[in-house]
Amino acid sequence: MSTTNYDIWREEVAGRANVEDSPELLAYYQELESLKTGALWTVANKIEPWQPKSGSVPVLWRYRRLREHVLRSVALVTPEKAGRRVIYLDNPGRQEVAAAVGWLYSGLQVMHPGERASAHAHSASALRFIMEGRGAYTIVDGHKMTLDANDFVLTPNGTWHEHGVETDGLPCIWQDGLDIPLVNALEAGFYAVHPELQQAVGYPVDDSVHIWGAAGLRPQDVGWTKPYSPLFKYQWEPTYEALQRYAGAREDSPFDGALMHYTNPVNGGHVMATIGASMQLLRPGFTGSAHRHTGSFLYQVARGRGHSVINGERFDWQERDIFCVPSWAWHEHVNASATEDACLFCFSDLPVMEKLGLYREEALADNGGRQPVLTRPAT
Ligand code: 1HN
């Protein structure tokens with residue numbers, strides 16, 4: 001987990017860059033710099049680490065501390081002025097790119113009854129996970145959807161999308177997740193405001209759920225060739241029921257308990273090209289083993305309480321808290337309750353890792369699969 005003597009030995013004798021500075025070399029480097037070039041051996045060890053070295057820090061964002069600040073923004077700015085009224089999650093290691101972890105952005109958006117946020121479209125893919133309130137809706141390419149707590153909603157890249165809360169609703173808060181940092185890193189981001197600022201609703205409300213949302217059944221007239229799921233909303237009730245059935249029918253994964261991926265019903269793949277999502281159930285008393293894998297993961301506690309140990313640091317979480325697991329960080333999850341389920345929603349860049357052939361996974365062999373806990377922050 002830390003740099004060992006073996007790592008140092010490898011750096012020094014195993015064909016890695018190991019050139020000591022001399023006045024002549026330093027002068028040479030300056031000449032190269034003036035020609036907009038550089039000597040590879042001065043950066044090789046940095047740009048080619050032995051294993052992923054995430055710049056992201058494991059962070060737990062406690063909802064009971066954040067919520068009042070999110071609600072305060074309602075009195076301070078309007079959706080019209082702000083575009084979107086969002087408090088974003090600012091990982092101390094990723095502030096330059098406004099990422100919550102790795103190349104993923106996330107924030108908490110708040111809207112009051114009667115408010116609307118106008119329609120726009122962008123190259124970034126987006127999702128929402130509904131945290132609280134009543135009467136929220138979103139419109140994606142003319143498809144209007146109602147939103148309830150723990151519903152998971154897609155706004156795939158390139159789609160027109162806008163949100164609002166019905167006048168007879170309650171203040172609503174949801175988590176946004178986007179691949180904006182990734183799209184920016186790839187220098188591929190476009191953004192457009194809808195010419196009329198609002199879309200006409202062109203279909204029956206929640207039609208994507210009615211057409212595509214039946215478990216195990218695919219409509220005869222597929223007619224869908226886009227690179228993302230035609231099912232835009234994954235409702236909580238059927239998701240939780242599916243997880244309970246799944247957990248009841250087979251043994252737990254030692255790392256994840258019962259974990260199911262939200263899927264594109266056309267092909268069973270991830271919901272969007274760059275962002276995947278899952279919901280997992282940790283049974284009462286579940287004590288997971290540690291593993292690590294490539295990819296950046298952002299969790300929201302949909303139900304229950306427990307803790308996760310991430311790179312040796314313990315994070316105690318409860319409902320609505322959000323925490324991140326950076327790429328290649330050791331992590332293990334525990335459900336603290338002897339009687340209640342714990343459910344973790346998660347979104348990640350797993351589709352990118354898989355498609356680029358960069359996914360790797362490793363179980364912790366030492367210490368019976370448990371990490372030594374280095375710190376126990378106060379809860
Ligand atoms: C966006 O389009 C939304 O549509 C929320 O609600 C957050 C953060 C960065 C860029 C676009 C939304 C966003 C965003």
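Each residue of the sequence shown is one higher than the one before, starting from 1 at the first, in the UniProt record's numbering. All C-beta atoms in this analysis are idealised placements derived from N, C-alpha and C, irrespective of residue type, glycine included.
Secondary structure of L154, DSSP reduced to three states: Residue 154 sits at position 154 when you count from the first residue of the sequence shown. Three-state result, L154: strand.
Near ligand 1: T78 beta-carbon under 7 Å from a heavy atom: Numbered from 1 along the sequence shown, position 78 holds the residue referred to as residue 78. Because no heavy atom of ligand 1 lies under 7 Å away, the Cβ of T78 does not count as near it: no.
Any alpha helix (DSSP H) of 4 or more consecutive residues that is wholly inside the segment 30 to 112: 44 to 47, 63 to 76, 79 to 82
Cβ-Cβ separation, F323 to L60 (assumed contact under 8 Å), whole Å: Here residue 60 is taken as the residue at index 60 of the sequence shown, counted from 1. Here residue 323 is taken as the residue at index 323 of the sequence shown, counted from 1. That pair is a contact at about 4 Å.
Continuous alpha helix (DSSP H) assignments of at least 4 residues falling wholly in the segment 120 to 188: 180 to 185
H194 Cβ short of 7 Å to ligand 1 heavy atom set: Position 194 of the sequence shown holds residue 194. No, the Cβ of H194 stays beyond 7 Å of every heavy atom of ligand 1.
Whether G183 touches F232 by CB criterion (8 Å): Here residue 183 refers to the residue found at position 183 when the sequence shown is read from its first residue. Here residue 232 refers to the residue found at position 232 when the sequence shown is read from its first residue. Note on identity: in this sequence residue 183 is Val, with Gly being the wrong assignment. Contact flag unset, no.
The beta strand (DSSP E) enclosing M353, as first and last residue numbers: Numbered from its first residue, the sequence shown carries residue 353 at position 353. Counting along the chain, M353 falls outside any beta strand (DSSP E), though it belongs to the alpha helix (DSSP H) covering 350 to 355.
A302 - containing beta strand (DSSP E), residue span: Walking along the sequence shown from the start, residue 302 turns up at place 302. Element bounds for A302: 297 to 303.
Beta-carbon separation (whole angstroms), L89 vs G133, contact threshold 8 Å: On the sequence shown, position 89 is the one that residue 89 refers to. On the sequence shown, position 133 is the one that residue 133 refers to. About 19 Å; that fails the 8 Å criterion.
Contact under 8 Å by Cβ, L358 with T274: Locating residue 358 in the sequence shown gives position 358, counting from the first residue. Locating residue 274 in the sequence shown gives position 274, counting from the first residue. Their beta carbons are not under 8 Å apart, which means L358 does not touch T274 by this criterion.
Separation of W160 from H122, as counted between CA atoms: Reading the sequence shown from its first residue, position 122 is the one you call residue 122. Reading the sequence shown from its first residue, position 160 is the one you call residue 160. Taking the straight line from one Cα to the other gives about 8 Å.
For H270, three-class secondary structure by DSSP: As a first step, residue 270 is located in the sequence shown; it is residue number 270 there, counting from the start. Three-state result, H270: coil.
Cβ-Cβ distance between P254 and S289 below 8 Å: As a position in the sequence shown, residue 254 is number 254, starting the count at 1. As a position in the sequence shown, residue 289 is number 289, starting the count at 1. Result yes, Cβ atoms of P254 and S289 sit closer than 8 Å.
Segment contact, 8 Å Cβ cut-off, at least three pairs: the segment 345 to 356 with the segment 269 to 284: yes
P204, buried or exposed, once every other Cβ within 10 Å from all chains shown has been counted against 16: Counting from one through the sequence shown, the residue named residue 204 turns up at place 204. With fewer than 16 other Cβ atoms within 10 Å, it is exposed.
D321 burial status per 10 Å Cβ neighbour count (16 or more: buried): Numbered from its first residue, the sequence shown carries residue 321 at position 321. It is buried - the Cβ of D321 has at least 16 other Cβ atoms within 10 Å.
Cut-off 7 Å between Cβ atoms - residues of its own chain near L197, not counting five sequence neighbours on either side: Locating residue 197 in the sequence shown gives position 197, where the first residue counts as 1. S118, A119, listed in sequence order.
Heavy atom of ligand 1 within 7 Å of Y359 beta-carbon: Counted from its first residue, the sequence shown places residue 359 at position 359. No, the Cβ of Y359 stays beyond 7 Å of every heavy atom of ligand 1.
T155 to L71 span [Cα, whole Å]: Here residue 155 refers to the residue found at position 155 of the sequence shown. Here residue 71 refers to the residue found at position 71 of the sequence shown. Cα to Cα, T155 sits roughly 24 Å from L71.
Beta-carbon proximity check, P92 vs V57, cutoff 8 Å: As a working note, residue 92 is residue 92 in the sequence shown. As a working note, residue 57 is residue 57 in the sequence shown. Cβ atoms of P92 and V57: closer than 8 Å.
Cβ shell of E166 (< 6 Å), same chain only, five flanking positions each side left out: The residue you call residue 166 lines up with position 166 of the sequence shown. Closer than 6 Å at the Cβ level, and outside the excluded window around E166, lie G135.
Extent of the continuous beta strand (DSSP E) to which Y191 belongs: Position 191 of the sequence shown, counted from the first residue, corresponds to residue 191. Where Y191 is concerned, the enclosing beta strand (DSSP E) stretches over 191 to 193.
Buried or exposed by the 16-neighbour rule on C-beta atoms within 10 Å, applied to P179: Counting from 1 along the sequence shown, the entry for residue 179 is found at position 179. One detail in the question is off: residue 179 reads as Asp in this sequence, not Pro. Buried, by the Cβ-count rule.
Backbone secondary structure at T239 - three-state DSSP: Working through the sequence shown from its first residue, we reach residue 239 at position 239. DSSP places T239 in helix when its eight states are reduced to three.
Y234 - partner residues in DSSP beta bridges: Position 234 of the sequence shown, counted from the start, is the residue given in the question as residue 234. Answer is F152.
E137: CB within 7 Å of a non-hydrogen atom of ligand 1: Reading the sequence shown from its first residue, position 137 is the one you call residue 137. Checking the sequence shown, residue 137 turns out to be Tyr, not Glu. No, the Cβ of Y137 stays beyond 7 Å of every heavy atom of ligand 1.
M1 to A185 span [Cα, whole Å]: For the purposes of this step, residue 1 is taken as residue 1 along the sequence shown, with counting starting at 1. For the purposes of this step, residue 185 is taken as residue 185 along the sequence shown, with counting starting at 1. Low confidence applies here, because M1 scores a pLDDT of 43, under 50, leaving its location unreliable; read the following figure in that light. Their Cα atoms are separated by approximately 28 Å.
N- and C-terminal bounds of the alpha helix (DSSP H) containing D207: The residue given as residue 207 occupies position 207 in the sequence shown. Looking at the DSSP string, the run of the alpha helix (DSSP H) that includes D207 is 207 to 212.
Residue interval of the beta strand (DSSP E) (run including W317): Here residue 317 is taken as the residue at index 317 of the sequence shown, counted from 1. Run containing W317: 313 to 318, per the beta strand (DSSP E) assignment.
Counterpart residues of V334 in DSSP-defined beta bridges: Your numbering for residue 334 matches position 334 in the sequence shown. The partner list for V334 (beta bridge, DSSP) reads T287, H307.
Enclosing beta strand (DSSP E) for I275 [first to last residue]: Residue numbering aside, residue 275 sits at position 275 when the sequence shown is read from its first letter. First-last for I275: undefined, no H or E at that position.
Residue 382, DSSP secondary structure in three states: In the structure as shown, the chain starts at 1 and stops at 379, and residue 382 therefore has no counterpart that could be examined.
Beta bridge counterpart(s) of E362 as assigned by DSSP: Translated into positions along the sequence shown, residue 362 becomes position 362. Its beta-bridge partners are R292.
Cβ-based burial, Y299 [other Cβ within 10 Å; buried from 16]: The residue you call residue 299 lines up with position 299 of the sequence shown. Buried, because 16 or more other Cβ atoms sit within 10 Å of the Cβ of Y299.
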